[in-house]
Amino acid sequence: MNDQEDSTQFLQGFLKISGILEIFFGIVIIFIGRIMHQLNLPFLPFWHLSFGLSLATMGILLYFSGRDLQRYQIIPYISCGYRLILAGFQIYTAITVVEIRIFMILGAIFDIVSPLFILYLLGKNNFLQNEQEKRKKK
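Plus 196 on top of the position in the sequence shown (first one is 1) and you've got the numbering used here.
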């Protein structure tokens, strides 16, 4: 294997791991109401269900994109955009809801670092460049 193949394999593995983590976080958030109640934290009834489902779905898509990155290349870009926007909301929530600040800060760190790393790896492996070359050939 050459460096390009090693890097691509690493990217695919990282996408799968990120997908599994997103699925896990999504499932946790689906049940966050009960957890928050046990910890005497504020309960927000709607967002945890829809947000948890959204995260789990994004995690599944991200995981499967790692299986065939050429075919499903758009999924990591969408996931990265989604998670970078989400980090802004996490930071805002960390500022405004003191009781869950640490969870929001940790989530924001993950949702900033992981997508930036994925975008770096996609660029390093020329996936964006390959898509542009395909458009020129059409």
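Beta carbons are placed, not taken as given, at the ideal position from N, Cα and C, and that holds for glycine.
Smallest Cα separation from residue i: which of the options?
{"i": "Arg267", "options": "Leu324, Ser250, Leu312", "result": "Leu324"}
{"i": "Phe180", "options": "Ile314, Asn321, Gly319", "result": "The displayed coordinates of the chain run from 197 to 334. Any statement about residue 180 would go beyond what the structure contains."}
{"i": "Leu302", "options": "Tyr273, Gln205, Gly215, Phe221", "result": "Phe221"}
{"i": "Ile231", "options": "Tyr316, Ala304, Phe299, Val309", "result": "Phe299"}
What distance in whole Å lies between the Cβ atoms of residue j and residue i, which are believed to be in contact at a cut-off of 8 Å?
{"i": "Cys276", "j": "Pro311", "result": "4 Å"}
{"i": "Leu245", "j": "Ile226", "result": "6 Å"}
{"i": "Leu217", "j": "Pro272", "result": "Not really, about 14 Å apart at Cβ, beyond 8 Å."}
Given residue i, which residues of its chain have a CB within under 8 Å of its CB, disregarding the five upstream and five downstream residues?
{"i": "Ile223", "result": "Gly248, Ala252"}
Excluding the 5 residues preceding and the 5 following residue i in the sequence, name in chain order all residues of the same chain whose CB lies nearer than 6 Å to its CB.
{"i": "Arg279", "result": "Asp307, Pro311"}
{"i": "Ser250", "result": "none"}
{"i": "Lys212", "result": "Tyr259, Gly262"}
{"i": "Thr289", "result": "Met300"}
{"i": "Ser214", "result": "Leu258, Ser310"}
{"i": "Gln234", "result": "none"}
Quick one: residues in its chain with C-beta nearer than 7 Å to the C-beta of residue i, no 5 flanking neighbours on either side, listed in chain order?
{"i": "Lys320", "result": "Ser203"}
{"i": "Arg297", "result": "Ala290"}
Q) Does the region 242-261 come within contact of the region 284-291, defined as at least 3 CB pairs closer than 8 Å? A) No: fewer than three Cβ pairs fall under 8 Å.
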